[in-house]
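Below: one structure, written as structure tokens.
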Amino acid sequence: MTLDGRLIDTRYQSTNHDSRVRYLILHFTQLDFERSVEALTRAQGPRRVSSHYLIGLEPPTIYRLVDEDRRAWHAGQSFWRGDTQLNASSIGIEIVNMGDDAAPGVNFVDYPTAQIDAVVALVRDIVTRHRIAPHRVLGHSDIAPQRKTDPGPKFPWRRLAEEGLIPWPDPAAVASALPAHQAALPAVSWF
2 MTLDGRLIDT
12 RYQSTNHDSR
22 VRYLILHFTQ
32 LDFERSVEAL
42 TRAQGPRRVS
52 SHYLIGLEPP
62 TIYRLVDEDR
72 RAWHAGQSFW
82 RGDTQLNASS
92 IGIEIVNMGD
102 DAAPGVNFVD
112 YPTAQIDAVV
122 ALVRDIVTRH
132 RIAPHRVLGH
142 SDIAPQRKTD
152 PGPKFPWRRL
162 AEEGLIPWPD
172 PAAVASALPA
182 HQAALPAVSW
192 F
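Add 1 to the 1-based position in the sequence shown for my numbering, that's all there is to it.
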């Protein structure tokens with residue numbers, strides 16, 4: 002490789018590095034497939050969004066929209082365990098699902114098994130290549146809880162845990178810790 006006619010020597014390579022990607026963030030689109038593609042690939046006013054991947058519904062095709070070495074705009078104002086602005090350190094996966102915008106009276110929409118199979122395969126590939134720790138595979142609602150609900154209560158987190166991709170709490174530990182947390186809930190007026 003050359004720069005201004007000068008050879009850049011690449012024979013020495015450090016082993017002291019890792020991926021800048023530390024998180025994997027899962028989302029639902031709240032749009033059908035066509036509108037999801039439009040929203041994630043076209044510049045649209047001040048609220049431009051993008052994601053590294055989009056997983057369709059039927060068939061559950063995986064689409065790469067942004068190269069993993071680029072920052073996609075999927076996390077927005079975000080925070081997790083002291084880290085902020087997670088767009089810079091995460092890969093985003095949007096899953097076509099209407100979420101809580103499905104229809105009047107419908108709270109959230111189930112995810113088809115075939116679509117979740119695609120999610121699991123993609124998550125496994127990404128966390129393996131980037132060495133993302135299981136506790137850093139998160140939902141948008143985890144990193145922006147005051148403004149986001151995705152991927153929603155119908156997302157099968159247990160399936161990801163069964164696949165070894167995320168941690169799952171020990172039921173006995175939850176039962177013993179729950180009373181202390183319930184006693185410490187803030188008053189409703191706090192919200």
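Cβ atoms here follow ideal geometry from the backbone N, Cα and C, with glycine treated the same way. Here the structure is a predicted model, which means the values were calculated and not measured.
- Does the pairing of the stretch 155 to 167 with the stretch 104 to 120 give three or more beta-carbon distances under 8 Å? Taking 8 Å as the limit for Cβ pairs, the verdict is that the stretch 104 to 120 does touch the stretch 155 to 167.
- Chain-order list of residues whose beta-carbon lies under 8 Å from that of residue 142 (same chain, five-residue window excluded): Residues 149, 150, 151, 152 and 153 of the same chain have their beta carbon placed closer than 8 Å to that of residue 142, with the five preceding and five following residues left out of the count.
- Query: Where does the unbroken alpha helix (DSSP H) through residue 95 begin, and where does it stop?
  - Reply: Residue 95 -> not in any alpha helix (DSSP H); beta strand (DSSP E) instead, spanning 91 to 96.
- Task: Please state if the CB of residue 99 and the CB of residue 10 are separated by a distance shorter than 9 Å.
- Result: Not a contact, by the Cβ cut-off of 9 Å.
- Message: For residue 121, list the residues DSSP reports as bridge partners.
- Response: Note: residue 121 sits in no beta bridge, so no partner.
- Determine the direct distance from the alpha carbon of residue 7 to that of residue 79, and round the result to whole angstroms. The alpha-carbon atoms of residue 79 and residue 7 are separated by roughly 42 Å.
- Item | Span of the alpha helix (DSSP H), counted from its first residue to its last, around residue 141 | Note, residue 141: alpha helix (DSSP H), 141 to 144.
- So what does DSSP say about residue 129, is it helix, strand or coil? Three-state result, residue 129: helix.
- Item | Residue of 115, 168 and 181 minimising C-alpha distance to residue 58 | It is 115.
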